[in-house]
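Here's the structure we're looking at; comments come further down.
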Amino acid sequence: MKFLRKFFDTRYEKTNKKWYPLIESFETLIFTPNHTTKSGAHIRDGIDLKRTMMFVIIAMVPCLLFGMWNVGEQHFIALGDSSVDFIDKFIHGAIRVVPIIAVSYTVGLAVEFVFGIIKGHALHEGYLVSGMLIPLIMPIETPLWMIAVATVFGVIIGKEVFGGTGMNVLNVALTTRAFLFFAHPNSMIGDKIWISRLTEMQANGTMADGISGATPLGQLATMDPGTIDTYYAEGGVTFSQSLMGNYLGSIGETSVYAILIGLSFLLITRIASWRIVVSFFTGGLVMATLFNIFAGDNVFMQVPAINQLMLGSFMFGMVFMITDPVSAAQTNKGKFYYGFLAGFIGILIRVANPAYPEGIMLGILIANVCASLIDHMVINANIKRREKRLVKATV
Amino acid sequence: MAKAIKIKRGLDLKIKGKPELTISEVSNSLHYSVKPTDFPSLTPKMIVKAGDKVKVGTPIFHDKYREAIQFVSPVSGEIKEVVRGEKRKILEILIKSDNEFSSETIDATGDTKEIILKSGLWPCIKQRPLDIVADYNKAPLAIYVSGFDSAPLAPDFEYILKDKKPELQAGFDALAKLTEGKVNVTIESSFKSTSIFKDLAGIDLHTINSKHPAGNVGTQIHHISPVNKGEVVWTVNAIDVARIGTLMLSGKIDFTKIVALTGSEVKAPSYYKVVSGANMSDLIEGKIATDNVRYISGNILTGQNVGKEGYLSFYENQVTVIPEGDHYKVSFTEGWLAPGFNKLSNSKAFLSALVPKNVYDIDTNLNGEERAFVVTGQYEQVFPFDIYPVQLIKAAITNDIDKMEKLGIYEVAPEDFALCEFVCSSKINSQEIIRNGLKVIEEECM
Numbered sequence: 393m394k395f396l397r398k399f400f401d402t403r404y405e406k407t408n409k410k411w412y413p414l415i416e417s418f419e420t421l422i423f424t425p426n427h428t429t430k431s432g433a434h435i436r437d438g439i440d441l442k443r444t445m446m447f448v449i450i451a452m453v454p455c456l457l458f459g460m461w462n463v464g465e466q467h468f469i470a471l472g473d474s475s476v477d478f479i480d481k482f483i484h485g486a487i488r489v490v491p492i493i494a495v496s497y498t499v500g501l502a503v504e505f506v507f508g509i510i511k512g513h514a515l516h517e518g519y520l521v522s523g524m525l526i527p528l529i530m531p532i533e534t535p536l537w538m539i540a541v542a543t544v545f546g547v548i549i550g551k552e553v554f555g556g557t558g559m560n561v562l563n564v565a566l567t568t569r570a571f572l573f574f575a576h577p578n579s580m581i582g583d584k585i586w587i588s589r590l591t592e593m594q595a596n597g598t599m600a601d602g603i604s605g606a607t608p609l610g611q612l613a614t615m616d617p618g619t620i621d622t623y624y625a626e627g628g629v630t631f632s633q634s635l636m637g638n639y640l641g642s643i644g645e646t647s648v649y650a651i652l653i654g655l656s657f658l659l660i661t662r663i664a665s666w667r668i669v670v671s672f673f674t675g676g677l678v679m680a681t682l683f684n685i686f687a688g689d690n691v692f693m694q695v696p697a698i699n700q701l702m703l704g705s706f707m708f709g710m711v712f713m714i715t716d717p718v719s720a721a722q723t724n725k726g727k728f729y730y731g732f733l734a735g736f737i738g739i740l741i742r743v744a745n746p747a748y749p750e751g752i753m754l755g756i757l758i759a760n761v762c763a764s765l766i767d768h769m770v771i772n773a774n775i776k777r778r779e780k781r782l783v784k785a786t787v
Numbered sequence: 066m067a068k069a070i071k072i073k074r075g076l077d078l079k080i081k082g083k084p085e086l087t088i089s090e091v092s093n094s095l096h097y098s099v100k101p102t103d104f105p106s107l108t109p110k111m112i113v114k115a116g117d118k119v120k121v122g123t124p125i126f127h128d129k130y131r132e133a134i135q136f137v138s139p140v141s142g143e144i145k146e147v148v149r150g151e152k153r154k155i156l157e158i159l160i161k162s163d164n165e166f167s168s169e170t171i172d173a174t175g176d177t178k179e180i181i182l183k184s185g186l187w188p189c190i191k192q193r194p195l196d197i198v199a200d201y202n203k204a205p206l207a208i209y210v211s212g213f214d215s216a217p218l219a220p221d222f223e224y225i226l227k228d229k230k231p232e233l234q235a236g237f238d239a240l241a242k243l244t245e246g247k248v249n250v251t252i253e254s255s256f257k258s259t260s261i262f263k264d265l266a267g268i269d270l271h272t273i274n275s276k277h278p279a280g281n282v283g284t285q286i287h288h289i290s291p292v293n294k295g296e297v298v299w300t301v302n303a304i305d306v307a308r309i310g311t312l313m314l315s316g317k318i319d320f321t322k323i324v325a326l327t328g329s330e331v332k333a334p335s336y337y338k339v340v341s342g343a344n345m346s347d348l349i350e351g352k353i354a355t356d357n358v359r360y361i362s363g364n365i366l367t368g369q370n371v372g373k374e375g376y377l378s379f380y381e382n383q384v385t386v387i388p389e390g391d392h393y394k395v396s397f398t399e400g401w402l403a404p405g406f407n408k409l410s411n412s413k414a415f416l417s418a419l420v421p422k423n424v425y426d427i428d429t430n431l432n433g434e435e436r437a438f439v440v441t442g443q444y445e446q447v448f449p450f451d452i453y454p455v456q457l458i459k460a461a462i463t464n465d466i467d468k469m470e471k472l473g474i475y476e477v478a479p480e481d482f483a484l485c486e487f488v489c490s491s492k493i494n495s496q497e498i499i500r501n502g503l504k505v506i507e508e509e510c511m
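Residue numbers (the working numbering), protein chains in the order written: chain A, 393 to 787; chain B, 66 to 511.
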């Protein structure tokens with residue numbers, strides 16, 4: 393490692409000072425700096441933001457790998473080719489997904505570096521996670537240029553205008569997704585975007601028969617009044633299938649098993665807040681149960697509450713989006729209200745507004761906006777307690 | 066009324082270098098120092114100048130704004146130098162000892178407050194709010210004394226004070242005369258039946274579990290009767306209570322103290338008898354295993370880095386020596402990506418979480434770089450107050466006096482945030498921020 397140390401030291405000597413942030417960013421990936429404590433506590437916890445962020449990325453790996461396989465799986469199902477083996481499906485998926493990840497990281501980090509150099513600080517770690525989240529919440533057929541544009545928007549408007557990592561109000565990855573959702577709705581909703589190479593296959597006439605290309609949520613949102621049985625009869629995604637995740641959806645969001653592996657990792661390492669996770673799940677469950685009760689002949693509302701939560705981005709959002717500490721409520725009590733609100737509104741938007749079957753994203757963004765309000769109320773209660781004590785003391 | 070306090074939030078750091086229960090003598094230093102910087106927000110005014118002869122107890126400077134608060138020489142000899150820093154700020158007064166320790170005589174009869182002020186022991190009494198030397202003009206609502214120190218490797222008060230029961234009693238009697246309220250003493254609950262404090266008269270004895278920061282007097286005040294805006298309470302270290310007791314009983318000013326020499330770099334950690342303000346190098350001579358180390362007067366969470374040639378601080382009864390961490394750490398092997406069997410962390414993100422009994426040899430590396438607040442809920446795990454620590458720190462950063470008041474700045478001292486500072490993944494220096502917040506409050510509101 394000595395040659396690397398020497399390499400960085402000579403880079404510092406030879407480079408203009410304004411590029412230091414760039415060198416530092418790479419240097420700190422390989423070396424924890426020699427900074428020591430100056431005042432106060434002389435020793436510090438081993439944990440830092442780099443490790444925290446890296447652990448979130450590790451937690452996403454099962455989703456990513458499953459997503460790659462599933463992209464291939466869905467592609468070959470649409471082709472009607474059942475002879476393809478696991479490896480080929482995975483390779484097909486990897487070939488489609490890796491460019492998206494590459495674009496997301498390259499563009500996002502480039503923007504971060506520009507801001508880092510302008511402000512004179514090394515790369516702040518936040519984007520390492522966002523850069524992986526963005527690909528996982530995209531439909532596979534999203535054009536790369538759109539991902540690039542949306543990433544620029546997400547990083548600048550979602551984060552840098554507020555002052556960078558730690559200052560953002562909205563979750564950066566979701567800002568990116570929401571931007572595309574509203575700017576290019578045709579590329580974000582509908583039934584043309586969820587299967588890899590769908591348009592080519594349709595043009596070549598190589599599609600198998602009876603492939604709809606819609607996600608289960610898209611399918612549910614457009615169903616005629618009836619009973620839930622018709623949905624399952626028409627090949628709707630069953631509960632066990634939704635746990636496994638071999639159905640259409642954004643790249644990384646479908647497999648509940650993969651997500652739960654990530655969740656347990658994040659909870660064991662205490663990086664995700666269990667308060668948010670539990671309350672988000674509860675919020676969604678309550679709303680979905682309410683829908684069950686008042687369903688009538690609306691099929692979407694009839695989906696059993698627990699099945700409802702296993703579909704689409706609910707579980708993925710619960711583990712990787714809502715738990716983002718920066719955009720979440722910061723007080724422990726507030727986290728309960730915050731999670732509940734997001735889950736509750738997410739399912740509400742998903743089911744009640746058929747134009748937005750991906751309502752979880754909007755639910756979380758709305759909760760992001762409300763987070764500081766929730767904290768304000770929680771903290772005000774603390775302030776009131778203190779004031780009451782003072783009044784009691786002076787009487 | 067006695068309270069049995071139980072705190073859940075907190076953290077005991079298991080560090081190598083716990084002191085053995087033996088007390089040894091060390092040779093007297095040639096030079097001793099009194100450092101005005103040991104007393105937060107003090108503006109010293111010199112009474113003596115270089116070349117003046119002093120005895121133990123001779124005033125050498127006083128508080129510019131509260132003149133009766135005197136700071137005295139711990140030894141007899143000659144003022145060697147008044148060391149000044151930027152803008153002629155007085156950093157320390159060096160005294161060359163004549164090794165005789167001849168003492169000024171104090172008349173220990175009459176008004177208790179007067180005696181303590183004259184003796185130079187008044188600075189032992191601190192006040193909340195602000196965590197500064199107590200203002201003798203304001204009557205305290207109560208006086209709080211912590212009967213133990215829960216900081217990492219902290220000295221065992223029960224051991225140090227084991228023969229000092231009469232002095233403690235005299236000290237508490239004196240303190241009782243300074244307040245119309247109660248003198249509250251809090252001890253660790255496991256010492257309930259054996260503690261030296263248990264049969265002392267005139268005190269309210271409380272118990273608390275041992276998890277740090279249970280031994281911090283701030284934690285104890287908060288759980289016994291939190292300080293409101295406009296109220297003042299005083300705090301005294303238990304060892305200093307005994308010192309005040311000695312003064313009351315015999316009229317002698319005793320500046321000897323028993324210091325625990327601790328830390329992973331000390332060959333045989335144990336207790337040593339020294340005089341306040343002694344030189345570090347005399348204390349540690351021949352007792353340190355390695356070279357590149359940090360000499361801390363105090364514990365590793367709140368002490369001062371005084372250096373090998375530095376002098377012991379006024380309030381501290383502990384010296385900690387730990388390795389400096391001023392080298393690069395390769396991320397995969399010992400840095401941020403390492404598996405971390407030997408990484409001390411309150412998080413569960415290192416494999417060391419699997420070996421809870423591990424005792425650590427930790428250096429002064431920051432283990433990261435300073436960042437904005439990102440991770441939430443970390444401070445709350447180690448901060449046993451009904452106060453929102455991050456929000457209070459943010460209010461202090463932005464000098465928002467109104468918010469600081471509302472969020473409880475009057476109840477805290479920087480040391481209460483030491484564990485927050487330790488666990489922070491964004492490496493924010495919260496103790497310094499709170500100290501600055503307190504300074505702003507003192508200037509604007511007091």
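The C-beta atom is built at its ideal place from N, Cα and C for all residues, glycine as well.
{"Check": "From A:Ser719, A:Thr567, A:Ala687, residue whose alpha carbon lies closest to that of glycine 618 (chain A)", "Outcome": "A:Ala687"}
{"Check": "Beta-carbon proximity check, isoleucine 144 (chain B) vs aspartate 117 (chain B), cutoff 8 Å", "Outcome": "yes"}
{"Check": "Any chain A beta carbon closer than 8 Å to leucine 503 (chain B)", "Outcome": "no"}
{"Check": "Residue range of the alpha helix (DSSP H) that includes alanine 785 (chain A)", "Outcome": "751-786"}
{"Check": "Exposure of phenylalanine 397 (chain B), with buried meaning 16 or more beta-carbon neighbours within 10 Å", "Outcome": "exposed"}
{"Check": "Meets three-Cβ-pair contact criterion under 8 Å: the region 591-598 of chain A and the region 664-682 of chain A", "Outcome": "no"}
{"Check": "Interfacial residues, the region 547-569 of chain A to chain B, with Cβ spacing under 8 Å", "Outcome": "Gly555, Gly556, Thr557, Gly558, Met559"}
{"Check": "Partners in chain A for leucine 512 (chain B), counting only beta-carbon separations shorter than 9 Å", "Outcome": "Nothing about residue 512 (chain B) can be reported from this structure: the residues present for chain B run from 66 to 511 only."}
{"Check": "Buried versus exposed, by CB contacts within 10 Å (16 or more), glycine 602 (chain A)", "Outcome": "exposed"}
{"Check": "Minimum Cβ-Cβ distance from glutamate 232 (chain B) to chain A less than 8 Å", "Outcome": "no"}
{"Check": "Residues that asparagine 724 (chain A) contacts on chain B, provided the C-beta gap is smaller than 7 Å", "Outcome": "Gly442, Glu445"}
{"Check": "Minimum Cβ-Cβ distance from proline 404 (chain B) to chain A less than 8 Å", "Outcome": "no"}
{"Check": "Contact set between the region 425-441 of chain B and chain A, restricted to residues whose Cβ is under 8 Å from the partner", "Outcome": "Ile427, Asp428, Thr429, Asn430, Leu431, Asn432, Gly433, Glu434, Arg436, Ala437, Phe438, Val439, Val440, Thr441"}
{"Check": "Contacting residues, own chain, Cβ-Cβ under 8 Å from threonine 429 (chain A) (five flanking each side not counted)", "Outcome": "Ile435, Arg436"}
{"Check": "Minimum Cβ-Cβ distance from glycine 432 (chain A) to chain B less than 8 Å", "Outcome": "yes"}
{"Check": "8 Å contact criterion, which asparagine 774 (chain A) and tyrosine 393 (chain B) should meet: CB distance rounded", "Outcome": "Wrong, their Cβ atoms sit about 42 Å apart, outside the cutoff."}
{"Check": "Range covered by the alpha helix (DSSP H) that runs through asparagine 359 (chain A)", "Outcome": "It is not possible to answer for residue 359 (chain A), since the shown part of chain A is limited to 393 through 787."}
{"Check": "Cross-chain neighbours of serine 665 (chain A) in chain D, by beta carbon under 7 Å", "Outcome": "The displayed structure is made up of protein chains A and B, and chain D is not among them."}
{"Check": "CB contact check: valine 544 (chain A) to chain B, cutoff 8 Å", "Outcome": "no"}
{"Check": "Short-range partners of chain A found in the region 358-379 of chain B, where Cβ spacing is below 8 Å", "Outcome": "Arg359, Ile361, Ile365, Leu366, Thr367, Gly368, Asn370"}
{"Check": "Beta-bridge pairing of alanine 325 (chain B) - partner residues as DSSP gives them", "Outcome": "B:Tyr336, B:Gln383"}
{"Check": "Alanine 69 (chain B) - partner residues in DSSP beta bridges", "Outcome": "B:Thr272"}
{"Check": "Pair within 8 Å by beta-carbon distance, asparagine 760 (chain A) and serine 719 (chain A)", "Outcome": "yes"}
{"Check": "Residues, ordered as in the chain, of the region 80-97 of chain B that lie near chain A by beta-carbon distance below 9 Å", "Outcome": "Ile80"}
{"Check": "Expected contact under 8 Å - CB spacing of alanine 133 (chain B) and tyrosine 201 (chain B) to nearest Å", "Outcome": "6 Å"}
{"Check": "Chain A contact residues for tryptophan 401 (chain B), given Cβ-Cβ distances below 7 Å", "Outcome": "Thr424, Asp440, Lys442, Arg443"}
{"Check": "CB-CB length for valine 113 (chain B) against serine 141 (chain B), believed under 8 Å", "Outcome": "13 Å between Cβ atoms; not a contact."}
{"Check": "Interface flag, valine 306 (chain B) vs chain A, CB-CB below 8 Å", "Outcome": "no"}
{"Check": "Cβ-Cβ separation, threonine 420 (chain A) to glutamate 434 (chain B) (assumed contact under 8 Å), whole Å", "Outcome": "7 Å"}
{"Check": "Which residues DSSP lists as bridging arginine 193 (chain B), in chain order", "Outcome": "B:Val298"}
{"Check": "Cβ pair phenylalanine 708 (chain A), methionine 693 (chain A) closer than 8 Å", "Outcome": "no"}
{"Check": "Of the residues A:Asn408, A:Thr614, A:Tyr730, the one placed nearest tryptophan 387 (chain A), counting alpha carbons only", "Outcome": "Given a span of 393 to 787 for chain A in the structure shown, any question on residue 387 (chain A) remains unanswerable."}
{"Check": "Within-8 Å CB hit, tyrosine 209 (chain B) to chain A", "Outcome": "no"}
{"Check": "Partner residues on chain A for alanine 235 (chain B), Cβ-Cβ distance less than 7 Å", "Outcome": "Residues of chain A passing the Cβ test: none, with the nearest at roughly 32 Å."}
{"Check": "Contact check, alanine 527 (chain A) vs isoleucine 643 (chain A), beta carbons under 8 Å", "Outcome": "Reading off the sequence shown, one finds proline at residue 527 (chain A), where the question assumed alanine. Yes. Within cutoff."}
{"Check": "Closer than 8 Å to chain A by CB, aspartate 391 (chain B)", "Outcome": "yes"}
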